[in-house]
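Here is the structure we will look at, set down as structure tokens.
Protein chains: 4
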Amino acid sequence: MAGSVFGNFFRVTTFGESHGAAIGCVIDGCPAGLHLSEEDIQKYLDRRKPGQSDFTTKRKEADRVEILSGVFEKKTEGTPIALLIRNEDQHSKDYSDLKDKFRPGHADYGFFEKFGFRDYRGGGRSSGRETAARVAAGAVAAKLLDEFGIEVHAYTKAIGPVEALKNDFDECQKNPLYMPDHEAYKKASEYLEVCMQDKDSAGGVVECVATGVPAGLGDPVFDKLDARLAYAIVSIGAVKGFEIGDGCKAAKASGSENNDAFFMENGRVYKKTNHSGGVLGGISDGSDIILRAYIKPTPSIAQPQSTVTDAGDDATIEIKGRHDPVIVPRAVVVVETMTALVLADALLSNQASRTDRIEL
Amino acid sequence: MAGSVFGNFFRVTTFGESHGAAIGCVIDGCPAGLHLSEEDIQKYLDRRKPGQSDFTTKRKEADRVEILSGVFEKKTEGTPIALLIRNEDQHSKDYSDLKDKFRPGHADYGFFEKFGFRDYRGGGRSSGRETAARVAAGAVAAKLLDEFGIEVHAYTKAIGPVEALKNDFDECQKNPLYMPDHEAYKKASEYLEVCMQDKDSAGGVVECVATGVPAGLGDPVFDKLDARLAYAIVSIGAVKGFEIGDGCKAAKASGSENNDAFFMENGRVYKKTNHSGGVLGGISDGSDIILRAYIKPTPSIAQPQSTVTDAGDDATIEIKGRHDPVIVPRAVVVVETMTALVLADALLSNQASRTDRIEL
Amino acid sequence: MAGSVFGNFFRVTTFGESHGAAIGCVIDGCPAGLHLSEEDIQKYLDRRKPGQSDFTTKRKEADRVEILSGVFEKKTEGTPIALLIRNEDQHSKDYSDLKDKFRPGHADYGFFEKFGFRDYRGGGRSSGRETAARVAAGAVAAKLLDEFGIEVHAYTKAIGPVEALKNDFDECQKNPLYMPDHEAYKKASEYLEVCMQDKDSAGGVVECVATGVPAGLGDPVFDKLDARLAYAIVSIGAVKGFEIGDGCKAAKASGSENNDAFFMENGRVYKKTNHSGGVLGGISDGSDIILRAYIKPTPSIAQPQSTVTDAGDDATIEIKGRHDPVIVPRAVVVVETMTALVLADALLSNQASRTDRIEL
Amino acid sequence: MAGSVFGNFFRVTTFGESHGAAIGCVIDGCPAGLHLSEEDIQKYLDRRKPGQSDFTTKRKEADRVEILSGVFEKKTEGTPIALLIRNEDQHSKDYSDLKDKFRPGHADYGFFEKFGFRDYRGGGRSSGRETAARVAAGAVAAKLLDEFGIEVHAYTKAIGPVEALKNDFDECQKNPLYMPDHEAYKKASEYLEVCMQDKDSAGGVVECVATGVPAGLGDPVFDKLDARLAYAIVSIGAVKGFEIGDGCKAAKASGSENNDAFFMENGRVYKKTNHSGGVLGGISDGSDIILRAYIKPTPSIAQPQSTVTDAGDDATIEIKGRHDPVIVPRAVVVVETMTALVLADALLSNQASRTDRIEL
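Residue numbers (my numbering), protein chains in the order written: chain P, 4 to 363; chain H, 4 to 363; chain Y, 4 to 363; chain L, 4 to 363.
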């Protein structure tokens, strides 16, 4: 088991290297009867596609998805759904001079130690390109959740030191950084311009909100809903921190501040506040689920850096090629779809949790 | 699968409610030949045992572990290791008036929705008591890692707003808050005294360092080493944030600041800095692994709180009983052993990663 | 993963060696709300208990089960159910002279090669005693199935060359060989008497029937219902052959003979014959599920046998101690409960197979 | 989890319907460093390709495999290996009149009940065509095993009532039925001619031998090596019986006949006989592994058969189209590769079984 499988019920296996023939995934466990088309998936892939602004790699990939199996007469059959995305603009020459040097901030050295050799063509399996396969799978999960009124939305909360102070969802769709605050977007753009001039890069924060999640999803011990979300989110390359609800801030609060009081309204349980971020004791509490992914700056920078070679010599490296000065805007849809994968898995898992809900 | 199983190779299943007959675990996959005694496990359990200072619950539990299987002539047999801890001081009467009210900040309401009813005796499966079973399992993982020179140490980084500014490991062993800074310990104690007078509670931060971890552990995609650590750490009740290396701070840094330069020394690869916290692209990079768990304040407080009943009525609750005003000191060993579980699992997983290391 | 976990949804982990402190299991994934008592489990354990006839080992084990967790107010909580059976009559001295010789027909040699040493006290983990833990788990599965009208019954189809020609279920309960044919029982008893005089042993066949299984359980590819049954049944020590429906005989039939014609009656689909044994293409077809386990003769015999020592010398061994001349009658309840585990797992798995059956 | 994943370490997920765009698989967990080309896989696929004799379907499929990922510079990278086979000769019109009738002996009815609708185009996911994906995966497993001196060979032991009495491996390669006995081949051909004239079909037996398997593979309890083999083999459509070693016959033997005596030769442990078929107590014993799959006659026959429709009416069905009168010869390579998958998985699993074999 080399760790390319995610989920227990809605189970996704991804495959593919950045410079191989193709990337893709197989979903085993999507229930039968869901209406699904390539277009449903494509619209998610288009959101992470490179080349859409000045702040993303110039690599050109159409990222057209093909459904190979599992869908018949426009409905899922209950059988594995295989999704294929051919690599087109592989451009291997950019990478040939990196063949024997380990790039700082990348997986190169660990890969070499683990596997004994490595695919030096632009990250191979460790490339951010792998996330396209997750997005494709997560688009199916999102479609499934949507059937049950559960929606997941992510956006850029911060770029480097510039934080969005408003939560204007419409604005998100209008700027290429997916920031819900037009002023912050403008400042962040300026910040990125300076980064690029300096041959440097930036990180940032993605926030994600899931609405319509019923109380009762998740498990009490290891498979707490927030634990599964942390697993999913930190498995996205470059994520160095994860928060649910108030997150790190909660560590400084007192219990009386942090607890969310319950109350009844129209026969339903509500909470007066949502410090918990929608999860208590690992189980959803009926409020919105709110999480954040803290993303480090892109490690590929054009400045000269000290490193070593696979032969064990000190060396200097300058990473040319086509790299995003910031990956945060493209990570938005990845955070969103990974969240959808966790929620879909938890929803299916829950079907077998009570004898009074089991049907022959 | 109700989420009480953790790990793929070193696989742990825990069981037990806080007020049932016993708690415990079964480890399937511990290699044969490891020297193991009850004492090896007991010393870890003693570190999380309640009743050791003014800042922990008065519940008295000897927490004596019994090895039921898997060890013969003081060595592991390669078969499942079952560990049993009897509950002794269950004291159910304290909880009887909570029978039909959902405690704010607890899993009660989600549990009720998920399972249709719940064990109202002090949290049942969601109780912090469950972590004793994890600690027992993790003690075995730590023993295994120790055979290969890998050591894991955790300590209290902060209590509420009081942060440890020194990293004095000896000091950790001397104060009941496990803080590596005597001055901070004194301030934190004062802070907690005030919390207790106010019938309130505090949170804090646990930091954990693993040394001796070779480069090459972890997997490139979903089972990134840091993703598995995030999963493990956030699965500890009350953890609301997780960081690896520079964590959330990395989101504000530039690439040139955040990248760790490699260099050679005595034929080995080293890094000049360790912003990564020992993991790059999901694979260990040979540096110390450093992570942090952000823990919310204990939700059980004696102040009156607004809540609802399982019959759907508004209500007020005052939680009496014996509760820790802060769980951070007792969570230290839980974070440490969960980290050990992840590393042991990754170490075993790695044995099958290269054909040149496979033996008949 | 050392292979002591079975099932995906109704997931059982067993533990324990024949001569250790205890054996037992943990069930993770039993739905909440099932009425369950120790007595429900004990009655299954009593059926495999040794010492009930002349044809079973004289080892005395009360095999009292204790429910350690997962049951509250006589109902399952949806949390792990841990079941404990203490070993009582371990009698280790019987085995001490087997310490360095590998018993023919046993796992001793393979164990030694796999783990580097072994628990020589009577089979250790490989002992038939481990099946008590499965029976305990399977009793819970049977209770769950019973709620949905699914019943599983096994009986002895043959002892050595003596086959039951009738299927008289009442008779099963009356003779210690659990044969549904009184004449066959008498012949089998005589056959076993001769075996015992000859210091030899016998094998036989267990047949198992599950009624009330709805059409639609199982999966189309690897997790075919019959594949999971084969896995479960062959995992019982000493089983060398597995059949579903007509089994091996089907290989000689023609398609027109072997196909079961469908017809309608009272608005339900029926089959005119049941050559399939209730499973078609890996999915239950609504007929009774019928399977058979072919069990080899007990390998522990008192005759002198040629073998080798763990030091690599030729040797002769005579196995004294207390051994069943035939394990078939005690295996009946093991086959029955393993079948129940597979069906319970398939039933839970099926809850998430169709969008039109998913509930929030 | 819809059951399309097999293996724990060498983990295979297959996908694809018989009349969809493609079939294929993803292998997660193949170690890095194995030399692998499309040709290595193609030669296995060619052995199950239809249209190679009078006794197989006339459907024409080139079954060309494409490696999409996981191989770089002709070596496996340790990352997922995705294999793609496009469907070419789908010929859907043959199946259109089967749209609403359930074919006897097929999964149609169970599928309909499970998923609520079904892909009526020739079996969909339940088609024998799915086995091409397994064969592709198993070819990689066989290549891996070959590196360690483990070879797996299967052949046709019987067609209907005609059994091979010799074991002439060369002969297997020469006749289209893969029978190791020329006389038996001739009789079987005549038998099949009659079947075809009668618009009927035949079953048979595949036997499989693995050589070079070291002692110590497999696990003592649920994941016994023979249990995993039974699971793998019975998961092949149409297999109704499974035997290891003497199989069903062992049930009639006495212990003194069935036990295999050990002896030493040239410092190695051997067995005088191999009634066990190479597995004792679930762990390989160093002898050849021998198993048999009993395969039912092809259910698709052109004779009129009674059945029902999905609307619940009685009906008559005559299955036209292109069907194998016997699938046994094409199943030979499927049995062989499924066996290879189990052995490769057990080999990788074993790398973590002893502390003295673990490497950093």
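Even for Gly, the Cβ is constructed at its ideal location relative to N, Cα and C.
The beta carbons of E69(L) and E41(L) sit about 7 Å from each other, so the pair counts as a contact at 8 Å. Sorting D111(P), V282(P) and F13(P) by C-alpha distance to the C-alpha of L148(P) places F13(P) at the top. If you look at L87(L), you'll find it in the beta strand (DSSP E) that goes I84 to R89.
Within the same chain, Cβ atoms closer than 7 Å to the Cβ of E246(P) are found at L294 and R295, the five residues on either side in sequence being excluded. By the criterion of at least three beta-carbon pairs nearer than 8 Å, the region 183 to 201 of chain P is not in contact with the region 275 to 288 of chain P. The residue among F75(Y), E76(Y), T214(Y) and L71(Y) with its C-alpha nearest the C-alpha of L86(Y) is L71(Y). Scanning the region 317 to 360 of chain P for uninterrupted beta strand (DSSP E) segments of 3 residues or longer gives 317 to 320, listed from N- to C-terminal end. Per DSSP, the unbroken beta strand (DSSP E) holding M267(H) starts and ends at F265 to E268. At a cut-off of 8 Å between beta carbons, A25(L) contacts chain P. L283(L) has a beta carbon lying within less than 8 Å of a beta carbon in chain Y. The bridge partners DSSP lists for S257(Y) are A205(L). The count of Cβ pairs closer than 8 Å, one atom from the region 235 to 252 of chain L and one from the region 29 to 38 of chain Y, stays below three, leaving the stretches out of contact. At the C-beta level, A233(Y) and A144(L) stay beyond 8 Å of one another. Residues of chain P whose Cβ lies closer than 7 Å to the Cβ of E246(H) are, in chain order, K243 and G244.
Here C28(H) carries a strand assignment [DSSP, helix/strand/coil].
In this structure, the CA atom of A142(H) is about 11 Å from the CA atom of D49(H). Using a Cβ distance threshold of 8 Å, V337(Y) and R137(Y) count as a contacting pair. Within chain P, S72, G73, E80, G81, T82 and P83 have C-beta atoms less than 9 Å from the C-beta of R128(L), given in sequence order. For R89(H), same chain residues with a beta-carbon under 6 Å away, outside a window of 5 residues either side, are A25 in chain order. Of the candidates E268(L), F18(L) and G73(L), the residue whose Cα lies closest to the Cα of E20(P) is G73(L). V242(Y) sits away from Y181(Y), with the two beta carbons spaced by 8 Å or more. A straight-line Cα-Cα distance of about 22 Å links Y158(L) and G289(L).
One thing to note: V224(Y) has its Cβ no nearer than 8 Å to the Cβ of Y194(Y). S290(P) sits in coil when the DSSP states are folded into three classes, being neither helix nor strand. By DSSP's assignment, H278(Y) forms no beta bridge with any residue. Any Cβ of chain P closer than 8 Å to the Cβ of T358(Y) would place that residue at the interface, and such an atom is present. Against chain Y, a Cβ distance below 9 Å from E20(H) picks out S72, G73, F75, E80 and T82. V329(L) is positioned such that its CB atom lies no closer than 8 Å to that of S192(L). With contacts defined by Cβ atoms closer than 8 Å, F151(L) and L350(L) form a contacting pair. Taking C-beta separations shorter than 8 Å and ignoring five residues to either side along the sequence, the partners of K227(L) in its chain run G221, V282, G284, G285 and I286, following chain order. Counting along the chain, V155(Y) sits inside no alpha helix (DSSP H); it lies in the beta strand (DSSP E) bounded by residues E154 to I162. Annotated three-state conformation of V224(P) is coil, per DSSP.
If you check the CB distance, G258(L) and P302(Y) come in under 8 Å.
In this structure, DSSP gives Q308(L) an extended state, which the three-state scheme calls strand. Shown in chain order are the members of the region 183 to 215 of chain H whose Cβ falls below 7 Å from a Cβ of chain P: C198, D203, S204, A205, G206, G207 and V208. Note on N11(H): 16 or more other CB atoms within 10 angstroms of its CB, so buried under the neighbour-count rule.
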